[in-house]
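*Asks:*
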Amino acid sequence: TRSWAEPYKIKMVEPVRMISREEREEAIAEAGYNTFLLRSRDVYIDLLTDSGTSAMSDRQWAGIMMGDEAYAGSENFYHLAEAVKKYYGYTFLVPTHQGRGAEHIISQLLIEEGDFVPGNMYFTTTKLHQELAGGTFVDVIVDEAHDPESEHPFKANVDLNKLEDLIKRKGADKIPYIAIATSVNMAGGQPISMANLKKVRRLTRRYGIPIIHDMTRVAENAYFIKQREKGYENTPVRDIVHEICSLTDGATMSAKKDALVNIGGFLALNDEELFREAQNMVVIYEGLHTYGGMAGRDMEALAIGIRESVDEDHIHARVGQVQYLGNQLIDMGVPVVHPIGSHGVFLNAKKILPHLSQDQLPAQSLAAALYVDSGVRSMERGIVSAGRNPETGEHHYPELELVRLTIPRRVYTQAHMDVVAESVEAVYDNRDHISGLSFDYEPEYLRFFQSRFKKS
Ligand code: F0G
């Protein structure tokens, strides 16, 4: 097959700085061995997250100039609502400053003290908002999702037995909704199949339980359905996205991922009464119901970004770049999560550092070592991210102890991916010399963001 390159050309560049290994050692020690606490000027290739770090197109920047910064009734709000309707199919739109703003509103509106919220694996902010509203998150994802080596093509599928069992044990009236994420982040960017989603729809309809869709990376999930699910080979990604959304009752969106903007999000709903309540709540916490924490220009860039996110060439290049990096690491023999996900490559820290117990924070230690080697910034997704059980105060011990190399969209080239792969290989070759870490400072909520660590 012939070579295939990125479907864009570079119009503007942002120079990056390379510092010495000694300077990086100093920087990571100063950051308490937490990559979130590094200054970005000390980072060479930033794979911390794909959230808000993507490159906007010239069309989106042109949209920025069309910002209608009226406090109420901004024209850009109507463009955004039209895009959400057209590409996702949801009727009502409540803009929020980012994903967790929408999670806050829907959790407060639907969850009551003592409720249970099933989901296809947890996400950090989503679960916390469910807990703060008085709910308990229950994982109903298939077992394969917790096995980094399983090649299951749809690791984000719901185990219908787990779900129905929960409904029977707790009663449907204790389950305000099921949270279904597309391209499940914590599982390694793994997709849910359309067939499974349809079954979840049938089951929940029987019990009158709504589906709230975390659609943060829905286009990436749709791309995998096109690649892997029989009957969708020739369906445009935008139609698959629309079909996924049509099987759900509402959605929370962190637009900073799929939708190619640096800031923004929304809650989308089909139920008018719930929409009215959400509109009433957004004015307390986010901003007026026609901007919800975004500037008019942000809403315009987002409306355009939604359209670009379902473009076939774009999504092929985006997921393809992640596969390119992942396949190099597989060829090098580095243990990673299989299959390679949609937004990042996840290193299996448990397997890479078997000499460290989970209490010695293997993924956190590996992320720090990778930064020191090359200035590549990654993120811990293991015991630190999982936090503590609010009841017992004990650490959660997740099966998956991972380092995420998250690829921003349209930002880095294939050559950058080669540099990353070589650095991971160098760290892997030196893995026996990587020592563990322990907590030095631990905040109460979402501790992975601000914790500091010391060498143990
Ligand atoms: N849902 C998913 C699946 C996410 O990945 C994120 C954010 C959110 C919700 C929350 O959205 O950040 O806009 O408030 N994920 C980022 C990440 C932070 O790095 O994975 P937000």
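In this note's numbering, the protein residues as written are 3 to 458.
Glycine included, C-beta positions come from ideal geometry on N, C-alpha and C.
1) CB residue 78 to CB residue 299, shorter than 8 angstroms?
2) What first and last residue would you give for the alpha helix (DSSP H) that runs through residue 253?
3) Just the C-alpha distance for residue 325 and residue 74, rounded to the nearest angstrom, thanks.
4) I want to check one thing, is the minimum distance from the CB of residue 223 to the heavy atoms of the ligand F0G below 7 angstroms?
5) Just to confirm, does residue 258 get its C-beta within under 7 angstroms of one of the non-hydrogen atoms of the ligand F0G?
6) Below 7 angstroms, is the gap between the Cβ of residue 93 and the nearest heavy atom of the ligand F0G?
7) What does the alpha-carbon distance come out to for the pair residue 199 and residue 147?
8) Do you know offhand how far residue 205's Cα is from residue 166's?
9) Could you round the C-beta distance between residue 81 and residue 302 to whole angstroms and report it? I think they count as a contact, below 8 angstroms.
10) Residues in its own chain within less than 7 angstroms of residue 403 by CB, not counting five upstream and five downstream?
11) Apart from the five residues on each side of it in sequence, which residues of its chain come closer than 6 angstroms, Cβ to Cβ, to residue 27?
12) How is the beta strand (DSSP E) around residue 269 delimited, first residue to last?
13) On the CB-based measure, 16 or more other CB atoms within 10 Å of its CB, does residue 159 come out buried or exposed?
14) Helix, strand or coil for residue 450 per DSSP?
15) Over what stretch of residues does the alpha helix (DSSP H) that includes residue 50 continue unbroken?
16) Would you mind working out which of 143, 36, 217, 192 sits nearest residue 86, comparing C-alpha positions?
17) Does the beta-carbon of residue 3 have 16 or more other beta-carbons within 10 angstroms, so that it is buried, or is it exposed?
18) Could you spell out the range, first to last residue, of the alpha helix (DSSP H) harbouring residue 224?
19) On a CA-only basis, which of 398, 137, 412 is nearest residue 318? Give me that one, please.
20) Check each candidate in 397, 260, 93 and name the one with the smallest Cα separation from residue 52.
21) Whose CA, out of 213, 241, 267, lies closest to the CA of residue 461?
22) Quick one: measure Cβ to Cβ for residue 101 and residue 343, integer angstroms, because I've assumed they're closer than 8 angstroms.
23) Inspect the beta-carbon positions of residue 107 and residue 283 and report whether they are closer than 8 angstroms.
24) Here's a check: name, in chain order, each residue in its chain whose Cβ is nearer than 7 angstroms to the Cβ of residue 130, leaving out the five neighbours to either side.
25) Among residues of its own chain, excluding the 5 on either side of residue 392, which ones have a beta-carbon nearer than 7 angstroms to its beta-carbon?
26) Given residue 43, which residues of its chain have a CB within under 7 angstroms of its CB, disregarding the five upstream and five downstream residues?
27) Counting only runs of 3+ residues fully inside the region 106 to 176, write out the beta strand (DSSP E) ranges in chain order.
28) According to DSSP, is residue 245 helix, strand or coil?
29) Which first and last residues belong to the alpha helix (DSSP H) in which residue 346 is found?
30) Spatial neighbours of residue 398 within its chain, please: CB distance less than 8 angstroms, with the 5 preceding and 5 following residues excluded, ordered by chain position.
31) Taking a contact to mean a Cβ-Cβ separation below 8 angstroms, would you say residue 405 touches residue 427 in this structure?
32) In angstroms, rounded to a whole number, what distance separates the CA positions of residue 40 and residue 16?
*Replies:* In short:
1) Note that the C-beta distance between residue 78 and residue 299 is below 8 angstroms.
2) If you look at residue 253, you'll find it isn't in any alpha helix (DSSP H); it sits in the beta strand (DSSP E) that goes 252 to 256.
3) For residue 325 and residue 74, the gap between their C-alpha atoms comes out near 43 angstroms.
4) For the ligand F0G, no non-hydrogen atom lies closer than 7 angstroms to the CB of residue 223.
5) At least one heavy atom of the ligand F0G is nearer than 7 angstroms to the Cβ of residue 258, so yes.
6) Result no, Cβ not under 7 angstroms from the ligand F0G.
7) When the Cα atoms are used, residue 199 and residue 147 turn out to be separated by approximately 16 angstroms.
8) When the Cα atoms are used, residue 205 and residue 166 turn out to be separated by approximately 8 angstroms.
9) Rounded, the Cβ-Cβ distance is 6 angstroms, consistent with contact.
10) If the five residues before and after residue 403 are omitted, its C-beta is found closer than 7 angstroms to the C-beta atoms of 351, 352, 360, 364, 365, 384, 385, all from its own chain and listed in chain order.
11) If the five residues before and after residue 27 are omitted, its C-beta is found closer than 6 angstroms to the C-beta atoms of 374, all from its own chain and listed in chain order.
12) Residue range 267 to 271 is occupied by the beta strand (DSSP E) that includes residue 269.
13) Of the residues assessed, residue 159 falls on the buried side of the cut-off, its CB having 16 or more other CB atoms within 10 angstroms.
14) It is helical.
15) Careful: residue 50 lies outside any alpha helix (DSSP H) and carries neither H nor E.
16) For the residues 143, 36, 217, 192, the minimum Cα distance to residue 86 belongs to 217.
17) Looking at its Cβ environment, which holds fewer than 16 other Cβ atoms inside 10 Å, residue 3 is exposed.
18) Taken as a continuous stretch (DSSP letters only), the alpha helix (DSSP H) holding residue 224 covers 220 to 230.
19) Nearest of 398, 137, 412 to residue 318, Cα basis: 412.
20) Nearest of 397, 260, 93 to residue 52, Cα basis: 260.
21) Past the edges of the chain, shown from 3 to 458, lies residue 461, and the structure says nothing about it.
22) No, residue 101 and residue 343 are not in contact; Cβ-Cβ is about 18 angstroms, not under 8 angstroms.
23) It is a contact, given that the beta carbons lie within the stated cut-off.
24) So the list reads 447, 448, once near-sequence residues are dropped.
25) 133, listed in sequence order.
26) 19.
27) Correct list: 118 to 121, 138 to 141.
28) Note: residue 245 maps to helix in three-state DSSP.
29) Residue range 346 to 350 is occupied by the beta strand (DSSP E) that includes residue 346, with no alpha helix (DSSP H) assigned at that position.
30) Listed in chain order, the non-local C-beta contacts of residue 398 below 8 angstroms within the same chain comprise 385, 388, 389, 390, 391, local neighbours out to five positions each way being set aside.
31) Judged by their CB atoms, residue 405 and residue 427 are not nearer to each other than the 8 angstroms cut-off.
32) Residue 40 and residue 16 have their C-alpha atoms roughly 19 angstroms apart.
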